[in-house]
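Number of protein chains: 2
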Amino acid sequence: MRVLVLGGDGYLGWPTAMHFAARGHEVLAVDNYLRRRLAAETNSQPLLPTDDLPSRCDAVASLSGKSIACRDLDCTDGEALAGLFRDFAPDTVIHYAEQPSAPYSMMGYDQARLTLQNNIGTTLSVIWAVLRAAPHCHIVKLGTMGEYGTPNIDIEEGWIEIEHKGRKERFLYPRQGGSLYHTSKICDTDLLAFYTRLNGIAVTDLMQGPVYGISSDEADRDARLRPHFHYDDIFGTVINRFVVQAAAGVPLTVYGSGSQVRGYLDLRDTLQCVELATLNPPTKKFEPRILNQFTELFSVRDLAERVKQVGDGLGLEVGIRSVPNPRKEREEHFYQPAHDGLATLGLKPHVLSDDRLAEMIEFVLRHRDAVDVGKILPRVSWA
Amino acid sequence: MRVLVLGGDGYLGWPTAMHFAARGHEVLAVDNYLRRRLAAETNSQPLLPTDDLPSRCDAVASLSGKSIACRDLDCTDGEALAGLFRDFAPDTVIHYAEQPSAPYSMMGYDQARLTLQNNIGTTLSVIWAVLRAAPHCHIVKLGTMGEYGTPNIDIEEGWIEIEHKGRKERFLYPRQGGSLYHTSKICDTDLLAFYTRLNGIAVTDLMQGPVYGISSDEADRDARLRPHFHYDDIFGTVINRFVVQAAAGVPLTVYGSGSQVRGYLDLRDTLQCVELATLNPPTKKFEPRILNQFTELFSVRDLAERVKQVGDGLGLEVGIRSVPNPRKEREEHFYQPAHDGLATLGLKPHVLSDDRLAEMIEFVLRHRDAVDVGKILPRVSWA
Numbered sequence: 009m010r011v012l013v014l015g016g017d018g019y020l021g022w023p024t025a026m027h028f029a030a031r032g033h034e035v036l037a038v039d040n041y042l043r044r045r046l047a048a049e050t051n052s053q054p055l056l057p058t059d060d061l062p063s064r065c066d067a068v069a070s071l072s073g074k075s076i077a078c079r080d081l082d083c084t085d086g087e088a089l090a091g092l093f094r095d096f097a098p099d100t101v102i103h104y105a106e107q108p109s110a111p112y113s114m115m116g117y118d119q120a121r122l123t124l125q126n127n128i129g130t131t132l133s134v135i136w137a138v139l140r141a142a143p144h145c146h147i148v149k150l151g152t153m154g155e156y157g158t159p160n161i162d163i164e165e166g167w168i169e170i171e172h173k174g175r176k177e178r179f180l181y182p183r184q185g186g187s188l189y190h191t192s193k194i195c196d197t198d199l200l201a202f203y204t205r206l207n208g209i210a211v212t213d214l215m216q217g218p219v220y221g222i223s224s225d226e227a228d229r230d231a232r233l234r235p236h237f238h239y240d241d242i243f244g245t246v247i248n249r250f251v252v253q254a255a256a257g258v259p260l261t262v263y264g265s266g267s268q269v270r271g272y273l274d275l276r277d278t279l280q281c282v283e284l285a286t287l288n289p290p291t292k293k294f295e296p297r298i299l300n301q302f303t304e305l306f307s308v309r310d311l312a313e314r315v316k317q318v319g320d321g322l323g324l325e326v327g328i329r330s331v332p333n334p335r336k337e338r339e340e341h342f343y344q345p346a347h348d349g350l351a352t353l354g355l356k357p358h359v360l361s362d363d364r365l366a367e368m369i370e371f372v373l374r375h376r377d378a379v380d381v382g383k384i385l386p387r388v389s390w391a
Numbered sequence: 009m010r011v012l013v014l015g016g017d018g019y020l021g022w023p024t025a026m027h028f029a030a031r032g033h034e035v036l037a038v039d040n041y042l043r044r045r046l047a048a049e050t051n052s053q054p055l056l057p058t059d060d061l062p063s064r065c066d067a068v069a070s071l072s073g074k075s076i077a078c079r080d081l082d083c084t085d086g087e088a089l090a091g092l093f094r095d096f097a098p099d100t101v102i103h104y105a106e107q108p109s110a111p112y113s114m115m116g117y118d119q120a121r122l123t124l125q126n127n128i129g130t131t132l133s134v135i136w137a138v139l140r141a142a143p144h145c146h147i148v149k150l151g152t153m154g155e156y157g158t159p160n161i162d163i164e165e166g167w168i169e170i171e172h173k174g175r176k177e178r179f180l181y182p183r184q185g186g187s188l189y190h191t192s193k194i195c196d197t198d199l200l201a202f203y204t205r206l207n208g209i210a211v212t213d214l215m216q217g218p219v220y221g222i223s224s225d226e227a228d229r230d231a232r233l234r235p236h237f238h239y240d241d242i243f244g245t246v247i248n249r250f251v252v253q254a255a256a257g258v259p260l261t262v263y264g265s266g267s268q269v270r271g272y273l274d275l276r277d278t279l280q281c282v283e284l285a286t287l288n289p290p291t292k293k294f295e296p297r298i299l300n301q302f303t304e305l306f307s308v309r310d311l312a313e314r315v316k317q318v319g320d321g322l323g324l325e326v327g328i329r330s331v332p333n334p335r336k337e338r339e340e341h342f343y344q345p346a347h348d349g350l351a352t353l354g355l356k357p358h359v360l361s362d363d364r365l366a367e368m369i370e371f372v373l374r375h376r377d378a379v380d381v382g383k384i385l386p387r388v389s390w391a
């Protein structure tokens, strides 16, 4: 299969490119290094530097003999992207090419505008590249569970049947994002739903929870193949951040009460999910398949306590400190999201075991000197 | 009151500016003439040419002594717009500054991108201009009834309480637009809802149906004060188009079966609604007030038959011709939209009487030579 990975330099994009290449697919990874630039501008560099895509593709080739092609291209450029689709003729495009940080999107007008223009602009480009240059290409798009917010009713997988005044209709599940970033992803979903309804293109929209980890079969082969590992308040996800705090000897910073519950998943399960979606394209025409992509629910406080327990077991003295919540969000809330679709496709979850947490902490301990604790505390407030 | 009208050159923006000026408000009208450029590019010029804003503002001053200030500014430029808010310190901003045509948005990638960038970009700029430069300014935003689509349940005013598996939550009413244009307005609604939820800004989002007419108290004073009147397939709304077809002696073109029902309103009622919203700002903080803005429901076939009957009475021989529907839409559908909010605020509807239709047809008959029938048939297909 010919697999195009947009955002191929990213935390998930790079391991995805390696994952498909290792399984014999022909892979082209595209990135314009936007996230690297934004991380540098906000002093949010990852724990360890990573080489650019051409160097890492060379490393893959020399280590495994598998080839990954790469291109530096701004995916909001619809003409250039359509040209690339014409040349590469992908069977599947995996679209990660978005500004991925909620705090970044809340820094000010310029960051909000960049986030909206980049994320919606890229999604529109991808849709039109498919329409114009590869009409049978399956779009696998990474959305976020954060699009749903924390409603007081069960969260279904993308759609909901509403009974109202004696009549019924099936709708896209109503969405209410907690940041401008999340709102940009809601707009992506609306765009994908509209063009799918109109043109019958094949779309899988994956509503993903926060991802943790740095390991995958391919990434573990060599230090040069690791994905970047952000632990800062802007680009780092909460489990990765706690792991770094434990290793660095600073208290884990819980935002507010820590009662916020979300669905999390191991990076290796992202790869599994994206592969399952790719190998099993949607069967319904004229509506996107929407799947909720996470494996386990945790509250932030649960996570802090798990990391503390494992860290203490490794001889670290891990503290937990509540800080004023920089986000405006419900801290005490109902949360019951469905996630049957990917299980039905065959997902075998990697759960967050103590061993897994210990491995992650030990990894950071080996690079403890690289930790800049100034990057961890929240620097962006929603207020 | 200090009233800023964005899109002040438009079909609705210009009469709105005059309406508020006539009532003693201080008015600044802003436009970058985007719609004029797009109309010229697509050979969709209005029935009669209109002067630019400075000339029309001069005409208003010389005829009525009322002054309307104007500025040529691209409202997607957030810095410039914030500067303008700082200088003018509006109490209310009325935001019409969007690419208003569904068919235009469906012409191709470039038009889709322009529509998204302009409409969402302007809405983001307006929100941030308020946040940064005029935090008490009330945003009155023109949305569209087309955001809701034609669901099989009652359409409520913006919000719906959903009962699901024994629990309840109130959500933004789920939206499903019929074009990229409508989808851009859905994104606008999501942006306004998000920033209102976060910051407690004052927002009224008016879900407007198709508008007809060319008259208002102020516009009728002098030919120079008329709003532009589009009758083409791209920028013209259906009633205006039928009126021109009747006057020009070409059959009224009904798209498909003509069973599509929508809520319509007289241009004078747009002015009334926008004034009512402005004089009665929302009382709830942290959520936008959403009002459905139309006065009467008609099917397209009803409208064609009404126009034919009135035209025949004027001695015209009006034909009706069904053409293949260029849009993908449900033609037979349930349609029951609530619209109590504006009535509660005091809206006194102008209904679509035979006299009103006759006036419109007679107006066009006086300018019959200006009609280019080549602009009327659908040139843009959704397929």
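Residue numbers (the working numbering), protein chains in the order written: chain L, 9 to 391; chain D, 9 to 391.
No residue lacks a Cβ here, since even glycine has one placed at the ideal position from N, Cα and C.
Item	Value
Is the CB of I76/L under 8 Å away from at least one CB in chain D?	no
When burial is assigned at 16 or more other CB atoms within 10 Å of the CB, is H33/L buried or exposed?	buried
Among the candidates Q216/D, S113/D, K149/D, E226/D, whose CA atom is the shortest distance from the CA of L199/L?	S113/D
Give me the Cα-Cα distance between K149/D and L56/L, rounded to the nearest whole angstrom.	47 Å
Can a CB atom of chain L be found closer than 8 Å to the CB of H238/D?	no
State yes or no: is the C-beta of Q301/D within less than 8 Å of the C-beta of Q216/D?	yes
Could you give the DSSP three-state label for L260/D: helix, strand or coil?	strand
DSSP three-state label for L81/D, please.	coil
Span of the beta strand (DSSP E) holding A37/D?	34-39
Quick one, which of N126/D, E171/D, Q125/D, A391/D has its alpha-carbon nearest N333/D's?	A391/D
Would you call the region 331-347 of chain L and the region 275-285 of chain L in contact, with 3 or more CB pairs under 8 Å?	no
Taking just the CA atoms, how far does S70/L sit from K193/L?	37 Å
Of the residues that make up the region 267-279 of chain D, which ones have a beta carbon closer than 7 Å to any beta carbon in chain L?	none
Drop a sphere of 10 angstroms on the beta-carbon of F371/D, count the other beta-carbons inside from all chains shown, and report buried for 16 or more, exposed for fewer.	buried
Verify the CB distance criterion: does W390/D have a CB-CB separation below 8 Å to chain L?	yes
Rounding to the nearest angstrom, what Cα-Cα distance links T191/D and T204/L in this structure?	13 Å
So does the region 313-324 of chain D actually touch the region 241-255 of chain D, counting three or more Cβ pairs closer than 8 Å?	yes
What residue from K356/D, Y263/D, L46/D, S389/D has the CA that sits closest to L311/D's CA?	Y263/D
Any beta carbon from chain C within less than 8 Å of P159/L's own beta carbon?	Within the model displayed, chain C is absent; protein chains L and D are what it includes.
Alpha carbon to alpha carbon, how far is S389/L from G335/L? Give it in angstroms, no decimals.	First, the residue type needs correcting, since residue 335/L is Arg and not Gly in the sequence shown. Using only the alpha carbons, I get a separation of about 6 Å.
Provide the residue span of the beta strand (DSSP E) that contains E169/L, from first to last.	167-172
Within its chain, find whatever has a CB closer than 6 Å to the CB of D99/L; leave out the 5 residues flanking it on each side and keep chain order.	M9, R10
By DSSP, does G271/L sit in helix, in strand, or in coil?	strand
Run the CB neighbour count on L3/D, radius 10 Å, all protein chains shown included, and call it buried at 16 or more, exposed below.	This structure gives no information on residue 3/D, because the portion of chain D shown stretches from 9 to 391.
Check whether the Cβ of W22/D lies closer than 8 Å to any Cβ atom in chain L.	no
So which residues on chain L does G185/D lean against when the C-beta distance must stay under 8 Å?	D198, F202
Apart from the five residues on each side of it in sequence, which residues of its chain come closer than 8 Å, Cβ to Cβ, to E313/L?	I328
Going by Cα to Cα distance, which pick from V13/L, A29/L, A256/L, K383/L is closest to V38/L?	V13/L
Find out if the Cβ-Cβ distance for the pair L350/L, E304/L is shorter than 8 Å.	no
Which value, in whole angstroms, describes the spacing of the CA atoms of N315/L and R309/L?	Note that residue 315/L corresponds to Val in the displayed sequence, not to Asn. If I take the Cα positions, the gap works out to 10 Å.
Give a yes or no on whether the C-beta atoms belonging to L61/D and G15/D are separated by under 8 Å.	no
From M368/L to F237/L, what distance separates their C-alpha atoms?	11 Å
What's the C-alpha gap between R44/L and Q53/L?	8 Å
In this structure, does DSSP put D213/L in helix, strand or coil?	strand
I'd like to know whether the C-beta of G86/D is nearer than 8 Å to at least one C-beta of chain L.	yes
Taking CB distances under 8 Å as the criterion, tell me whether R121/L reaches chain D.	yes
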